[in-house]
Each structure stands twice: as C-alpha cells, then as structure tokens.
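A quick write-up on the structure given underneath.
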Amino acid sequence: MFAYLVRRVIGAVVLLFIVTAVTFSIFFLVPKLGGASADDLASRYVGKSAGAEQIHETAVRLGFTDPLYEQYGRFLKGLFVGQEYNYGPATEHCPAPCFGYSFLTQQPVWPDLVDRLPVTASLAFGAAFIWLVTGVGTGIVSALRRGSALDRSLMSVALAGVSLPIFFTGLLSLSIFSYGLGWTAQGGTNPMDAANPAWWAYDLILPWVTLAFLYAAAYARLTRAGMLETMNEDFVRTARAKGLTERTVVMKHGLRSALTPILTIFGLDLGLLLGGAILTETTFSLPGIGQYAVIALRANDLPKVLGVTLVAAFFIVLANLIVDLLYAVVDPRVRIS
Amino acid sequence: MTTANTEPASALPKLGEELLSVQGLVKHFPIRKGLLQRQSGAVQAVDGLDFSVRKGETLSLVGESGCGKTTTGRLLTRLLEPTAGKIVFEGHDVTHLSEGKMRPLRRDIQMIFQDPYGSLNPRHTVGKIVGAPYRLQGVKPEGGVKKTVQELLELVGLSPEHYNRYPHEFSGGQRQRIGIARTLALRPKLIVADEPVSALDVSIQAQVVNLLEDLQTEFDLTYVMIAHDLSVVRHVSDRVAVMYLGKIVELADRVSLYEKPMHPYTLALLSAVPIPDTKRKTQRERIRLQGDVPSPINPPPACRFHTRCWKAQDICKTIAPPLLEIAPGHQSACHFPENATEEQAARALKAAEQVGTADATRV
Amino acid sequence: MTESQAPVQRIERGEAFLDVRDLKVHFPTDDGVVKSVDGISFQLERGKTLGIVGESGSGKSVTSLSIMGLHKAGSAKITGEVFLDGQDLISSSAEEVRKLRGKRMAMIFQDPLSAMHPFYTVGHQIIEAYRVHNDVSKQVARKHAIAMLDRVGIPQPDKRVDAYPHQFSGGMRQRAMIAMALSCDPDLLIADEPTTALDVTVQAQILDLIRDLQSEFNSAVIIITHDLGVVAELADDIQVMYAGRAIEYGNADDIFERPQHPYTWGLLGSMPRIDRERTERLIPIKGSPPSLINVPTGCPFNPRCNYAHLNGGSSETERPELLDIGDGHKVACHLSPEQRRTAWETDILPKL
Chain Y
7 MFAYLVRRVI GAVVLLFIVT AVTFSIFFLV PKLGGASADD LASRYVGKSA GAEQIHETAV
67 RLGFTDPLYE QYGRFLKGLF VGQEYNYGPA TEHCPAPCFG YSFLTQQPVW PDLVDRLPVT
127 ASLAFGAAFI WLVTGVGTGI VSALRRGSAL DRSLMSVALA GVSLPIFFTG LLSLSIFSYG
187 LGWTAQGGTN PMDAANPAWW AYDLILPWVT LAFLYAAAYA RLTRAGMLET MNEDFVRTAR
247 AKGLTERTVV MKHGLRSALT PILTIFGLDL GLLLGGAILT ETTFSLPGIG QYAVIALRAN
307 DLPKVLGVTL VAAFFIVLAN LIVDLLYAVV DPRVRIS
Chain E
13 MTTANTEPAS ALPKLGEELL SVQGLVKHFP IRKGLLQRQS GAVQAVDGLD FSVRKGETLS
73 LVGESGCGKT TTGRLLTRLL EPTAGKIVFE GHDVTHLSEG KMRPLRRDIQ MIFQDPYGSL
133 NPRHTVGKIV GAPYRLQGVK PEGGVKKTVQ ELLELVGLSP EHYNRYPHEF SGGQRQRIGI
193 ARTLALRPKL IVADEPVSAL DVSIQAQVVN LLEDLQTEFD LTYVMIAHDL SVVRHVSDRV
253 AVMYLGKIVE LADRVSLYEK PMHPYTLALL SAVPIPDTKR KTQRERIRLQ GDVPSPINPP
313 PACRFHTRCW KAQDICKTIA PPLLEIAPGH QSACHFPENA TEEQAARALK AAEQVGTADA
373 TRV
Chain S
-12 MTESQAPVQR IERGEAFLDV RDLKVHFPTD DGVVKSVDGI SFQLERGKTL GIVGESGSGK
48 SVTSLSIMGL HKAGSAKITG EVFLDGQDLI SSSAEEVRKL RGKRMAMIFQ DPLSAMHPFY
108 TVGHQIIEAY RVHNDVSKQV ARKHAIAMLD RVGIPQPDKR VDAYPHQFSG GMRQRAMIAM
168 ALSCDPDLLI ADEPTTALDV TVQAQILDLI RDLQSEFNSA VIIITHDLGV VAELADDIQV
228 MYAGRAIEYG NADDIFERPQ HPYTWGLLGS MPRIDRERTE RLIPIKGSPP SLINVPTGCP
288 FNPRCNYAHL NGGSSETERP ELLDIGDGHK VACHLSPEQR RTAWETDILP KL
C-alpha cells in the first residue's frame, strides 16, 4: 500500500512537470515555430505607439530573447525557489511559488490566484454538495421506481439538465429570480467580501443551483444506471435472502457498490471545477479563477494563462490521486491484491 | 528440472504419426510488486510439460481450475508465448514463430472456446462469422464463400437459411455449432477445444459431443480437448493427461487411466465424480481430498500433490517424481503408484532414487 | 383463523412441513407471458432432501426464488400456495415473508463469489445475517459467526472471519455461504446449483458437508441442479422439470431404476457415465428446450419425444397430467404403462 502511494505521488509530480512543459511549449514554442520573433511577441505588451526600440527593450526585459530552455528553466525555478524580476524601473524578488508577472500589469500572478481561489472553491464545493445530494438521491429514487411515472418525469428533467448549457440556464434563472423576483443577488459582487455566511450564500445560491443542475442531471442518470445494475447483482439477492429489510438492502448493499464509480467521476468533476468554472463564473460575473482565465486569454497575458493552467492541472491531478486512494478504502479488492 | 523418461516412446501403442509434440513447455506469468515494479515472483501456470499428439487421436487435458490446462491450450495455439520449451508441429519448430509466419499455422491449428456467445461477434451475421477465416487468410474457396459457408452450416447441423441471422437468435447449442463451423472453415489439422460443452445443457451437450466425433471421422481431425468433466472426457478421448498445478501427473490411454489410475490424484478425481446411480453410491470407495489446490505462485516443492496426498511420505517432499512410463502407454509421476505391480512400484521408486542422486551430484 | 377451526385448518394449511400447491410464476413481458413455472406441487418433510432437476429455463430456479419470496413485487405474477409449517407464503405480506427469510428458510447460490458482497468481510456478512433475526450484541454474533465458520470446515475461523470473500478460494467461499445460510438454524435450506461453479474434488467436499449438516440440523433441503449425479448423491425424492412443469416425480430409486418419462430417459441417455461401460455414441435428445412464451401445445415435450407418435395425436393436443402410477411415483405422459415398460426395457436400458 505504501509503495503504491509513493508510486502514485511520484507519478502525479511527473505528470505536473509534463503539463508545465506542454503548456509552456504551446505559449512560447508554437509562436516561435510559426515564425514570430521575440520582438513580435513583445509588441503585444507595449503601447500601440511604441517604437521598435521600446519593443525590443520590452522583449529583453521579459526574457523573450533568451533561448527557450532558459525561459522554461526560469519559470521552473520561480515555481520552487522564486525568481528575481526586472519590471523596468527596478528589480523585485518574487517568492516561491512564483508564477511570474503579468506581461501587461507587471503584477505577480500568484497573489491574484490566491485571491480568486476562494471564490471558485466556494462555488465548486457548494454546487458539488447540492448536486451530490439531489443527483444521487434522484438516481436512487428513479432506479427503485423504475418505469413509473415518477421515474419518467425525473429522467426527463435530468435529460433537460444535461442538454441545456449553463449560459442559458444561468441567464434564464438570473432574469427570473434575480431581476424579476429579486430573490437572489444579481452577480458581480465578490461573495468573499460578504459580511457573514448568510450573505455569502445569498451571493452564491443562484450560481450554485445553476451549476449543480447540470451536474445533478448527469449524476442522476449515472446513479440510476449504477443502481439498476447493482440491484440485479447476486449479492443483493443474497442480502434479501438473509431477510434484511429492503432499506438495508438498498442503502448498505446496493448503494455502496453503485456509488464507487460515481466517486471517481465526482473527484474528477470537482478537480476540474476547482481550476475554474469558466461559464458559470462568466455568466454570474463571479471573480473566480475561471473568470481570471477568460480575462487573461483575451489579453493574451501568458503568465496568467500559464498560472491558471497549472493550478487547474494541479487540482485535477490531486483529485485523481485522492479518488484512487479513496477507491482503495472503499473496495478491499483494490487494497489487498 | 526435466522429466526423466527411462523408456523409449516407441513402447506406446502406435495410433498414427506424431502431429504435435511439446517438450519442456513452461509458461510463467510474472508478478510485479513494489515501487520499481520488480518481478517478485511468477504464477507458474504451466511448468514443464512433455507430451505428443498423434494424428487422428483425441488427447484430453483434465484437471481442476488452476492446473494450467487452459494456459496449455493457449500455448499450443500460440495465443500465448511460451516462457520456455519447444512446440513442434508437423516437424517444424513453431515455438517462437513471428506473427507473420504464424499465418499458415493459424489455418492448421484452430480453437473452439467454452462460451459460445462470448466468442461470436453479436453484430455480425452467421454468414460473416463463419466466412471470416476465408477473408482473414485471403482464401477463395471453390464455389464462392457463401456456398461454402452454407455447406459448413449444414455440416454442423444448422440450416443454410441461417446464413443471414445473428448469433442472439440462436440457442446455446446452436451457437456452439456456429463456432465449430467457423473452426472448420479452413479445414484445420488440429483443433484445440477448451471446454467445448461445459456451458451447454445436458441434452445439448450430447448433440455437440456426437457432432465433434462425427467431424473427427469425416475430416480426420486431431483434437486436444480441455475439460474438467471426467465423464465427458472418458467418452471422447483416446488418451488423457491429468494435470495438477502446471504439471502432468498422469498420461495414459483412456482405458487404463479410468480402469487402473496410477496417480493418487487421478484416483481422487475419479472417486469425487458424482454418479447418477443410487445403488452404487453406497458401494463406492470414497477418497476425499482435504483443502484446496495450493497457489501456483508458490507451489509445494518436489511432488506438488504431497500436501493433499494420503500416501505422501518424506521422499515426496524432497524429490519430484518424474513422469515415468510405468506400464505400457501409461505414464505417471508418483513415487508410490496405485494399481501397480510390485515390479512397477519398485521401478517408480528406483527412478526416484536416480533423480535424487542426480540432484545430489548437481548440488 | 380462530382456535376452534385448527384441526380442519391443519389440512387446509398444508399437510407436510413444506407443501407447495399448484405454484405458478408468470412474467408478463412485451412479447407475451413467460410461464416460467406453470403449476407445480410437491411436499417435503424436515430431514428430507428433494432434488429438482432440469435444464436451463425449466423453471427450477424460479420455483426456489418464489418460495423464498425473492421475486420483485410487480414483475412476477405468482399464484398457488406455498405452506411453510402451515403458513402460506404466497398470501403472506412481504414483511412477514422477509422475517422468515434467513431465519426459517435460507438459500445458497451457484456462484459464491458474486453472491457475497465484495466490500464486506465474510464475518460481517454472517454477523449481519444472524443479527437481523437475533437481538444480540456484535460480540455475541461474531462468536457465533466464528463457530459457524468452524462448523463448515474453514480452518482458522477466528482469523478468516475478518477476510474478504475474494481472499477465499471457491470452495471456502461456498462453505462461508453455507455458514451464513445456516447461521439462524433454518428449517428449510434451498441450494441452487451449489456446486456447479466448483471443481470436482471441492464439489464432493461440499456435497458431503451439506449431507452432514442436514442430519445435524434436521432441516428440509431442496437441491436444484442440472447434474443427475449430484441429486443421486443427496436427494431422497426427485422432481424432473421441463418447460415450467414437473414431468416426473418419485423417490431417487424410482427415478434412476424405473424412470417413466421419455425426457428422463433422454437425460439419462445423453450424459456419459463414468460408472458404466463406455458407449460408442451418446443418445442426445433431439432439438432444443422450448421457449417459455411459446410452449408447444399438448405435451410440451412432444416435438423432442421419440414416442409422441404412439399416442394417436393426443401428444400434440392434450397436456398430460402428472398422475400417480403407484407408491408416489408420478409421471406426466400419455404413453400407457405397457408402452413405457417396453420402451424402457428394449430401447433405453440396453443402451445406457
């Protein structure tokens, strides 16, 4: 078990390295292969009126004139030990983990991410809680009442849920509950600035529900399929043959097996969302990582994009690792092989 | 360790020329463990087999799960790569043939599987399934593929009209017939049948067994039958090899194996078969083996059966009994064979001593 | 049901410990009604073993599941009566039957690996079975589980109790299943193909175990199998099923020495026998088992029967009743006793 854990952690670290290398290549190597010079790259980060000399100066300052491996080395070094950064007037030390400085605003990226992570995390965890409870619950009920009118209507709603895009359901719910009825916040405020948890929840309730609706629908369908399968398993028949109550049979014997595959998907979904729920954050103007990513992409601000990508990759890899370890806890066949 | 065979093979009754022979066949599946995935051991699925299959005969491999009979079948058809040893088919060493050179061999050696449903593609029609070997081997049969396939279907007791149907429309027995028709398409010389009837109902089992026998006569086929049902094996086989934990413990013609089993394991297997006769069950001598088959990862030393054998003595724990031809055509790997004359028993023990001294000098 | 009616009711409420009367289990499907079990009756006393023999789709497993009340409500239409010690299980509520399951009647299944929950230890699953019917602490139940594991021949039961099913061998798993089934000392044990998934030497061990335990617990046992050898080992009485009905019923000697139904002959003829001279050819039953939606009219076996032409057309039109031909040996066949005797003695027996 310990060897397995160590192997997995090493694998995760290697994977993150590969992610940095690939991301770095996409942003720096690909333009270069496309024929763009260091000055071409730098021209985006100076004023429109800048002259060639100023552009070249910027290119040198941002390090574009150095060989790529040096730029990558600097980036890696920054991640682990920090780096010195020359933003023109002076040189500043950027402590580890240093994701670099914005090409445009000359601000370090890391504090931005730290600022925005709580918003994204609040959104992701809150929505995850809602969709787990409602999605899995709906799936169980549907599976147990298979073929009934209740099952059919729940599954129709679920089908709508998986088919409708966030920006549609988001805008629709905003226009009804927020602008129309005035029950919820209108978006654009930072829930982390709220004075107390109630206001925090008030700011987030609509994004939560909207995001959860999408996932709950998918989870309901998955849970239903999983439950239908496990309730036909031999061990469920054995559980009934022992005289266990139907409740114990379903909750203890059926559900536990049906939920293991859902655990995997849940981990990955949550990891993905922690790297930024781009559509939801944009629709509700939440200042989270996803929104940050959109802003960075529009401005072509590479260090920011790189930062978001790495954070997102980190969460996915972490979630994957946790899921695999949880799997071993849940399923003894994985634990003792 | 190789098995010592003190008598020449010519003592065996001649049935026909040798079609396939196997020498020292070994298949180990490595087990990897730890941080660096180093090999920590191996499942010794097949551990040193020597036997030959003669043209036109049916040789059965029997034994309990984990004895390596299925692995052996897959080695013979080269679905698995042997770890060691030699497989000779029609005088050619085919042990490590490359995939490309295997092609002609794949025509000559075919396999029938246990699960008649799992081995048929549900999306293909019967015609396509049975005709597949022609496509894969690039063979154009005389009279066209369709006609030939329909003839094959008739041959195995299906109707030519079944050509355009799908596997799910057939019962288990009919599906097995489809599988057999596909196997026969390229007129193979050797068919390895892995539990061909064990998934079928009793009444259907008999139909398929009879069909296999008829086809054998008609096309001069040679079968290697892998089965666990000793009654079926007795009915279909000319010779039977009993396997235990990756080794052949007894190999004999059908009659002497069933009438006079020499290895205690064979005796125990036979005595465990439930008999559909209420009168005889009280008269039978019962041998009940204790416990389960040990793990092939860490098989018992020397004679692998000694942990469950009621005749085991110290020598069984130290010296592996060679597969020895004790009676004509009857090989057994036991220091204390059952149903043996005094002279035969003495020969078995003497062989053990020889192996023992050979081991000692080597050490 | 008042006290005064008791003597009369006793007959009405079943004569034997287990009394199955005209049990029918029909499954309505889109393609038609699947008549998995179509009117079977039998009786079984404590300490006795009934073997139910048949091919796949003959209704033998469905029979046992409906006795146990394990068919999903709504999916199956079950009629008839099943009296267990006087109580009709078919008319009892689901909750009443649940309380009997595991306590008074228990079941073991074909594949012990899939029949045990992979996530719980063997001990946990036995303890659970015991505690649902007995109000005892976990410690007491655990001791009982260890004792049961010991009784069914599992070595080091105090250690193995904490192992998971996948850590057991096939034979050990089936022993553990038996321990679980017997944990509440049931009066009726149903074993559905208990040894089909096991190796032959392990099968012999398990059959011995079932026999020993039965004499110790004095329970009634139903053993369901396709293997005539297995029933010969265990059963006192045998019921041969075909297409959802019993076609022959008798004690084991009757069935093996004096079988009356052409299907029973067919079963005996199609299996190779290790205890007799090897025959050149097996005698299979022609054709395949019928679809349960479209059971042939008349005698359901008639399309596969070699003697159907002897009955002047009644084989195809009239369904033969299961009739007693003496000493409780029952057969559902249109052939006259003489015809059957001649066929058995001249056609069948010499070829076995």
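Protein chains in written order, with the numbering used here: chain Y, 7 to 343; chain E, 13 to 375; chain S, -12 to 339. Backbone N, C-alpha and C fix where the C-beta goes; we use that ideal spot for every residue, glycine too. Model, not experiment: these values are computed from the prediction.
Item to check | Buried versus exposed, by CB contacts within 10 Å (16 or more), K59 of chain S | outcome: Classification for K59 of chain S: exposed.
Checklist entry - Rounded to the nearest angstrom, how far is the Cβ of K47 of chain S from that of G41 of chain S, given a contact under 8 angstroms? => result K47 of chain S to G41 of chain S, Cβ: 5 angstroms. Contact.
Next on the checklist: By the 8 angstroms beta-carbon criterion, what residues does the region 185 to 197 of chain E contribute toward chain S?
Outcome noted: The residues in question are G185 and Q186.
Checklist entry - Looking at the C-beta of L242 of chain E, does it have a partner C-beta in chain S at a distance below 7 angstroms? => result yes
Checklist entry - Is the region 62 to 70 of chain Y touching the region 33 to 47 of chain Y, taking contact as three or more C-beta pairs under 8 angstroms? => result They touch, by the three-pair rule.
Next on the checklist: Can you confirm whether T290 of chain E, when its beta carbon is compared against all beta carbons of chain S, has any partner nearer than 7 angstroms?
Outcome noted: yes
Item to check | For V55 of chain E, the three-state DSSP class (helix, strand or coil) | outcome: strand
Checklist entry - So which residues on chain E does M159 of chain S lean against when the C-beta distance must stay under 8 angstroms? => result D304
Next on the checklist: Rounded to whole angstroms, what is the Cα-Cα separation between G253 of chain S and H213 of chain S?
Outcome noted: G253 of chain S and H213 of chain S: Cα-Cα distance of roughly 13 angstroms.
Item to check | Within 7 angstroms, strictly: CB atoms of K323 of chain E and P276 of chain E | outcome: yes
Next on the checklist: Which runs of the beta strand (DSSP E) at least 3 residues long sit entirely within the region 192 to 243 of chain S? Give them in chain order.
Outcome noted: 207 to 212, 224 to 229 and 232 to 238
Next on the checklist: Counting only Cβ pairs nearer than 7 angstroms, list the residues of chain S close to D121 of chain Y.
Outcome noted: Chain S residues near D121 of chain Y: none, gap ~42 angstroms exceeds 7 angstroms.
Item to check | Own chain residues within Cβ distance below 7 angstroms of Q387 of chain Y, not counting five before or after | outcome: Look at the range of chain Y in this structure, 7 to 343, and you will see that residue 387 of chain Y is not part of it.
Checklist entry - Which whole-angstrom value describes the C-beta separation of K81 of chain E and I238 of chain E, a residue pair presumed to lie in contact below a C-beta threshold of 8 angstroms? => result 5 angstroms
Checklist entry - Are the region 207 to 222 of chain E and the region 110 to 129 of chain E in contact at 8 angstroms, needing three or more beta carbon pairs? => result yes
Next on the checklist: Judging by CA-CA distance, which residue of E:V34, E:D62, E:L87 and E:T160 is the nearest neighbour of E102 of chain E?
Outcome noted: E:V34
Item to check | Helix, strand or coil at V52 of chain Y according to DSSP, with G and I counted as helix | outcome: Looking at V52 of chain Y - three-state DSSP - the assignment turns out to be coil, as it is neither helix nor strand.
Checklist entry - Is K291 of chain E buried or exposed, if buried means 16 or more other CB atoms sit within 10 Å of its CB? => result exposed
Item to check | Residue nearest to D172 of chain S in terms of C-alpha spacing, selected from S:Q161, S:A184 and S:S202 | outcome: S:S202
Checklist entry - CB S72 of chain E to CB E30 of chain E, shorter than 7 angstroms? => result no
Next on the checklist: With distance defined between alpha-carbon atoms, name the residue in E:H240, E:S307, E:I309 and E:I260 nearest to L282 of chain E.
Outcome noted: Closest by alpha carbon: E:H240.
Checklist entry - In its own chain, which residues sit with a C-beta less than 7 angstroms from the C-beta of K39 of chain E, not counting the 5 before and 5 after it? => result A57, V58, T83, L87, L92, P94 and T95
Checklist entry - What do you reckon, are the CB atoms on G224 of chain Y and T140 of chain Y nearer than 7 angstroms? => result This sequence places Ala at residue 224 of chain Y; Gly is not what is there. In this structure, T140 of chain Y does not lie closer than 7 angstroms to A224 of chain Y by Cβ.
Checklist entry - So does the region 141 to 158 of chain E actually touch the region 191 to 201 of chain E, counting three or more Cβ pairs closer than 8 angstroms? => result yes
Next on the checklist: Let's see if you can read the secondary structure: which residues bound the alpha helix (DSSP H) around H345 of chain S?
Outcome noted: No statement about residue 345 of chain S is possible, as the shown extent of chain S runs from -12 to 339 and does not include it.
Next on the checklist: What would DSSP say about V120 of chain E, mapped onto helix, strand or coil?
Outcome noted: For the sequence presented, residue 120 of chain E should be read as Asp rather than Val. In the structure shown, D120 of chain E sits in a helix (DSSP, three-state: H, G or I).
Checklist entry - Between Y270 of chain E and the rest of its own chain, which residues show a CB-CB distance below 6 angstroms, the 5 nearest in sequence each way excluded? => result R246
Checklist entry - By the criterion of Cβ-Cβ separation under 7 angstroms, what are the contact partners of P271 of chain S in chain E? => result S215, A218, Q219 and N222
Next on the checklist: Measuring only the C-alpha atoms, how far is V106 of chain E from E166 of chain E?
Outcome noted: 34 angstroms
Next on the checklist: Between which two residues does the alpha helix (DSSP H) holding P5 of chain Y run?
Outcome noted: What is shown of chain Y runs 7 to 343, which leaves residue 5 of chain Y out entirely.
Item to check | Cα-Cα separation, C286 of chain S to C320 of chain S | outcome: 8 angstroms
Item to check | C100 of chain Y, enclosing alpha helix (DSSP H) - first and last residue | outcome: First-last for C100 of chain Y: T97 to C100, but that is the beta strand (DSSP E), not the alpha helix (DSSP H).
Item to check | Of the listed residues E:V138, E:G303, E:Q186 and E:Q228, nearest to N176 of chain E (C-alpha basis) | outcome: E:V138
Item to check | Straight-line Cα distance separating T160 of chain E from F136 of chain E | outcome: The amino acid at residue 136 of chain E is misidentified as Phe; the sequence shows His. Using only the alpha carbons, I get a separation of about 18 angstroms.
Next on the checklist: My output table needs one value for A314 of chain E: the three-state DSSP class, helix, strand or coil.
Outcome noted: coil
Item to check | Any 3 or more C-beta pairs closer than 8 angstroms across the region 155 to 172 of chain Y and the region 255 to 267 of chain Y | outcome: no
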